[in-house]
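Peer 1: Heads up: the sequence shown begins at 1 in my numbering, then just goes up one per residue. Every residue, glycine too, gets a C-beta built ideally from N, C-alpha and C.
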Amino acid sequence: MLKSETKTMSGKTVIKGNPSQYVKLNVGGCLHYTTIGTLTKHDTMLRAMFSGRMEVLSDSDGWILIDRCGKHFGAILNFLRDGSVSLPESSKEIAELFAEAKYYCIAELAESCTQALAKKERSDHDPICKVPLITSQKEEELLISSTTKPAIKLLINRHNNKYSYTTTSDDNLLKNIELFDKLSLWYSNRVLFLKDVISTSEICCWVFYGHGKKVSEVCCTSIVYATDKKHTKVECPEARIYEETLNILLYESRNAPDQELMQVTSTRGAVSGMSSYTSDEEEERSGLDRLRSNKSNNQA
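1. If you count every other CB in all the chains shown that lies within 10 Å of the CB of P150, and 16 or more means buried, which is it?
2. Please say whether I106 and F357 have beta carbons closer to each other than 8 Å?
3. Could you name the residues of the same chain whose beta carbon sits closer than 7 Å to that of L65, not counting the 5 residues immediately before and after it, in chain order?
4. Return the Cβ separation of T245 and K233 in integer angstroms, given the expectation that the two are a contact with Cβ distance under 8 Å.
5. A118 by DSSP, collapsed to three states: which one?
6. Quickly, what does DSSP pair G210 with across the bridge? List them, please.
7. Under a Cβ-count criterion, where at least 16 other Cβ atoms within 10 Å of its own Cβ denotes burial, should T148 be classed as buried or exposed?
8. Is the beta carbon of L173 sitting closer than 8 Å to the one on C205?
9. When you compare each of G62, S184, W63 and A95 to P127 by their alpha carbons, which one comes out closest?
10. So, for T278: in the same chain, excluding its five sequence neighbours on each side, which residues have a beta-carbon less than 7 Å away from its beta-carbon?
11. Just how far apart, CA to CA, sit T166 and K175?
12. When the Cα of I15 is compared with those of K162, P132 and M54, which residue comes out closest?
13. Tell me where the alpha helix (DSSP H) around N172 begins and ends.
14. What are the complete alpha helix (DSSP H) segments, minimum 4 residues, inside the region 59 to 122?
15. What are the start and end residues of each continuous beta strand (DSSP E) run of 3 or more residues lying completely inside the region 120 to 163, in chain order?
16. Shortest alpha-carbon distance to G83 belongs to which of G62, L109 and K71?
17. Determine the direct distance from the alpha carbon of A118 to that of E178, and round the result to whole angstroms.
18. So, with DSSP's three-state summary, where would you put T221?
19. By a C-beta neighbour count over all protein chains shown, 10 Å radius and 16 as the cutoff for buried, is L142 buried or exposed?
20. Tell me the rounded alpha-carbon separation between F98 and R47.
21. Taking the straight line between their C-alpha atoms, what separation do you get for L31 and D43?
22. In whole angstroms, what is the alpha-carbon distance linking S253 and S201?
23. Looking at C-alpha atoms only, which residue of K153, R190 and A226 is the closest neighbour of S199?
24. Quick check on E129: buried or exposed, where buried means 16 or more other Cβ atoms within 10 Å of its Cβ?
25. How would you label R158, buried or exposed, when you count the other beta carbons within 10 angstroms and need 16 or more for buried?
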């Protein structure tokens, strides 16, 4: 076994040995066992300490004593071995590692800590909720396909209309926008929210996406007929929107959504494929059609 060249001077030792030789380190009470090659791999204070250029303290059992906190010394050694290391999550621990990197004169690690702290400081001032405004269909497709979250898009286009609006339409349009803002604040960490203000296909429509595909939509506009002319009616079906929002949360899992659970949570049986909603009038018409059909069957 190779032995290091040591010279003891009143409790101090000069270390100089083969790079493959192991040494015992006591860093603030934390014990580490590594090679001289690791400690001298980079041009740092540790290279000076273990290449014979500096005296180091040792105890009677042969442990080299370093009077620093040993909490992050394992990360220091890993950086010396690999040239990189995963930084801690918290700003406090990154700052602690930065102080150790500065002490041991490990410039590259200290710079990584500085950049990470600056990034965290910027992120602390970032808004919690971000809602992209769609500028093109290609951008929309890219955002929805690249996210791992389910997505909800609100399409708003007040000027896409050749008919006058009913008296309550403007209020209902604002209610849809307010509801979208409220949901985006509640679920921004779980759902990607998008606003489309350039499309010409609808005036007010909610579209729900899961696993990158369109699952359902809630169309909030319809045309109603007055005695003299047609009018555009805008509604805000809150219950239906809440229902589809809860259904879309089932797509958070990478696996297919639970079909039985979707059956339970959907009053309209929107289990597979795409469900849609247009207006109260349309539901009333379908209800009347069912009543007429039942009446005809009973008479028969």
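Peer 2: The structure says:
1. Per the 10 Å Cβ criterion, buried.
2. Because the chain is modelled from 1 through 300, residue 357 falls outside the range shown and cannot be assessed.
3. Apart from the 5 residues on each side of it in sequence, L65 sits with its Cβ closer than 7 Å to the Cβ of N26, L57, S58 and D59 in its chain, given in chain order.
4. Not confirmed; about 23 Å, so no contact.
5. Helix, per DSSP.
6. Bridge partners of G210: K213.
7. The residue in question, T148, is exposed, as its Cβ has fewer than 16 Cβ neighbours within 10 Å.
8. In this structure, C205 does not lie closer than 8 Å to L173 by Cβ.
9. Nearest in C-alpha terms to P127, of all of G62, S184, W63 and A95, is S184.
10. For T278, the pLDDT reaches just 46, beneath the cut-off of 50, and the residue's location in the model is therefore unreliable, leaving the point undetermined.
11. When rounded, the separation of the alpha-carbon atoms in T166 and K175 is 15 Å.
12. Nearest to I15 by alpha-carbon distance, out of K162, P132 and M54, is M54.
13. Run containing N172: S169 to Y187, per the alpha helix (DSSP H) assignment.
14. The region 59 to 122 contains these whole alpha helix (DSSP H) runs: 73 to 82 and 91 to 103.
15. Along the length of the region 120 to 163, whole beta strand (DSSP E) runs at least 3 residues long occupy 151 to 156, reported in chain order.
16. Closest by C-alpha distance to G83, out of G62, L109 and K71, is L109.
17. Distance from the CA of E178 to the CA of A118, rounded to the nearest whole angstrom, comes to 35 Å.
18. Strand, per DSSP.
19. Looking at its Cβ environment, which holds fewer than 16 other Cβ atoms inside 10 Å, L142 is exposed.
20. Distance between the alpha carbons of F98 and R47 is about 19 Å.
21. Taking the straight line from one Cα to the other gives about 23 Å.
22. Straight-line Cα distance between these residues: approximately 31 Å.
23. If we check each option's Cα against that of S199, K153 comes out closest.
24. With the sequence shown as reference, residue 129 is identified as Cys, and Glu is not the correct amino acid for it. By the neighbour-count criterion, in which 16 or more other beta carbons inside 10 Å mark a residue as buried, C129 falls on the exposed side.
25. Around the Cβ of R158, a 10 Å sphere holds fewer than 16 other Cβ atoms; the residue is exposed.
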